[in-house]
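Heads up, the sequence shown is in my numbering, so the first residue is 73 and it goes up one at a time.
Backbone N, C-alpha and C fix where the C-beta goes; we use that ideal spot for every residue, glycine too.
Quick notes on the structure that follows.
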Amino acid sequence: MGDPALSRRGFLAASAAAGLGVAALSGCGDDSDGGSSDGTTTIEWWNISTTQPAKNVWASLAKKFEAQNPKVKIKIVQLENDAYKSKMTALIASGKLPDIFHTWGGGVLKQQVDVGLVEDLTDRTKPWGDGLLSVAKEPYLLDDKVYGIPFDIGMIGFWYNKALFKQAGISEPPATWGAFLEAVSKLKAKNITPIALAGKEKWPGMYYWAYLAMRTAGAEALEKAYDDKDFTGTEFVQAGAHLKTLVDLQPFQKGFLNAAYSTPTGQAAAVGNSKAAMELMGQWAPVVQADSGKGLGDDLGFFPFPAVEGGKGAITEVFGGGGGHALRRGAPQAAVDFLKFFASEATDVELVKKTGVIPVVPAAESALTDPNIKLVQAQLKGATGFQLYLDQAYAPAVGQEVNDSVAALIAGSKSPEQVAQSITQAAKEEQ
């Protein structure tokens, strides 16, 4: 992505500013092999699978690996998305990462690599890693070297309640931004909350600005703007203006600014309990809706983010990413063996069937049965452009500014022009 490396001093400053003390964090890997006197190797695995059924499925997979490898123990640390990011900031500053840790790739992973904290997996995973889905591997390739192994791939789109759409007289999902705004108005006219949003967590709101920027300027323009450190172009201001038009319609649930994503009163639950008609979210949405709420069953539908009239971007340009695992530098061979186990056909089939992920092992695609997940996969396969989540594609400080500025726009404290200027300033300060 062209982002410069963040120095170790920069990481320390970031963690200090966040108020995160590294002394409070312990148990993460160093350069030892995690071995004990009886020859057992303990591997610490940090992930963000805190909702069911994934939480139990992943724990079960760890037990299965231990059964196959009696001299290896897996210590699982599962953290909610935002808590994970905060703790990882502090761990990076300390220079001690977990043996295996969740990554989305992109600029965040690059900075971890640039300060020498991540294992180069190019040679250690080649015999089996080459067979994984190419698009799923891209976020973890840096300078043609492999620093992460994917377990999921997908895209952000609208998940909607077919019954509520029908109640509002909406016969088909909107394909243009104008039609989308009209659908929002129709839902409000029937006293149906159009959209659920986790305003407290910021990243869900970022999805709207990112997609609107892609639709107005095109996917390549986002990458160029980051490389040029200039987001003040007309199309990016227009993206903010389009989002403000949506916000002015008051489409979100009551109290959305204080709502979390996966809590019983959060964004996913509002959709899963039929209290809101739709949410803009990734391929994991159905599982979290059912875990946080009741789930919609056959009433759940999916449609891609609409095209913006007059915009340079195509509806086939998608925004998203997946999940992957990286290893700390010097991680024991047992950690590599676990990645191989996790990327096997048998494991991928189990993940597809039990957690609804989109497979990264081509042979596991036959396990897909959910029609909505199949639709997401079809959109991915037909994509003419792909943009990784901005708060992962860009350097951490820039990604955080995108999240913060867009949240401010949604809250009414920043204008579209100010959003573009703030992101530009953060990008320039990364030089």
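Around the beta-carbon of TRP281, 16 or more other beta-carbon atoms lie within 10 Å, marking it buried. Beta-bridge analysis with DSSP links LYS145 to THR114. In this structure, GLN361 lies near TRP231, with their beta-carbon atoms less than 9 Å apart. When rounded, the separation of the alpha-carbon atoms in LEU452 and THR122 is 26 Å. Counting only residues of its own chain and dropping the five nearest sequence neighbours on each side, GLN449 has a CB closer than 6 Å to the CB of ILE430. Between PHE414 and HIS397 the beta-carbon gap is near 7 Å, inside 8 Å, which marks them as a contact.
By the Cβ rule, the segment 374-388 counts as touching the segment 245-253, because three or more pairs are nearer than 8 Å.
Within the same chain, and ignoring the five residues on either side of MET286 in sequence, the residues whose Cβ sits closer than 7 Å to its Cβ are LEU294, GLY385, GLU389, PHE391, GLN459.
Excluding the 5 residues flanking it on each side, GLY111 has same chain C-beta neighbours closer than 7 Å at LYS143, in chain order.
If you draw a straight line from the Cα of PHE237 to the Cα of ASN330, it is about 26 Å long. Apart from the 5 residues on each side of it in sequence, TYR279 sits with its Cβ closer than 6 Å to the Cβ of ILE228, LEU352 in its chain, given in chain order. About 17 Å separates the beta carbon of TRP117 from that of ILE164, a gap too long to meet the 8 Å contact definition. Using a 10 angstroms sphere on the CB of TRP200, the tally of other CB atoms stays under 16, which defines it as exposed.
Taking the C-beta atoms as reference points, LEU315 is found no nearer than 9 Å to SER257. Taken atom to atom, the span from the alpha-carbon of ALA492 to that of LYS296 is near 14 Å. For the 9 Å CB-CB criterion, LYS301 and GLU502 form a contact. Pairwise C-beta distances place the segment 333-340 out of contact with the segment 189-204, as fewer than three of them are shorter than 8 Å.
Rounded to the nearest angstrom, the Cβ distance from ARG401 to PRO170 is 12 Å, too far for a contact under 8 Å. For GLY395, the closest C-alpha among the options ASN345, PHE223, LEU189, ALA235 is that of PHE223. Residue pairing by DSSP places ILE221 opposite HIS397 in a beta bridge.
Within the same chain, and ignoring the five residues on either side of LYS366 in sequence, the residues whose Cβ sits closer than 7 Å to its Cβ are GLY344, ASN345.
Closest by C-alpha distance to GLU254, out of TYR298, LEU318, VAL309, PRO211, is LEU318. Closest by C-alpha distance to LEU151, out of ALA455, ASN475, ILE120, LYS127, is ILE120. VAL432 places its beta carbon 9 Å or farther from that of LYS157. Sequence-distant Cβ neighbours of GLY454 in its own chain, meaning closer than 8 Å and more than five residues away, are THR388. Less than 9 Å divides the Cβ of ASN233 from the Cβ of LEU372.
By the criterion of a C-beta distance shorter than 8 Å, ASP442 is surrounded in its chain by PRO358, GLY428, once the five residues flanking it on both sides are discounted.
Around THR496, the same chain offers ASP302, PHE303, THR304 as residues with beta carbons nearer than 6 Å, after the five sequence neighbours per side are excluded.
Within the same chain, and ignoring the five residues on either side of LYS182 in sequence, the residues whose Cβ sits closer than 6 Å to its Cβ are LEU214.
With respect to GLY383, TRP176 sits apart: the two C-beta atoms are not nearer than 9 Å.
By the 16-neighbour rule on beta-carbons within 10 angstroms, LYS326 is exposed.
Taking the C-beta atoms as reference points, PRO323 is found no nearer than 9 Å to THR113. The DSSP-derived three-state label of LEU440 is coil. Under the DSSP definition of a beta bridge, TYR232 partners with MET350, GLY373. Contact annotation, MET350 with PRO488: C-beta distance approximately 23 Å; criterion of less than 8 Å not satisfied. For THR175, the enclosing beta strand (DSSP E) covers residues 172-175.
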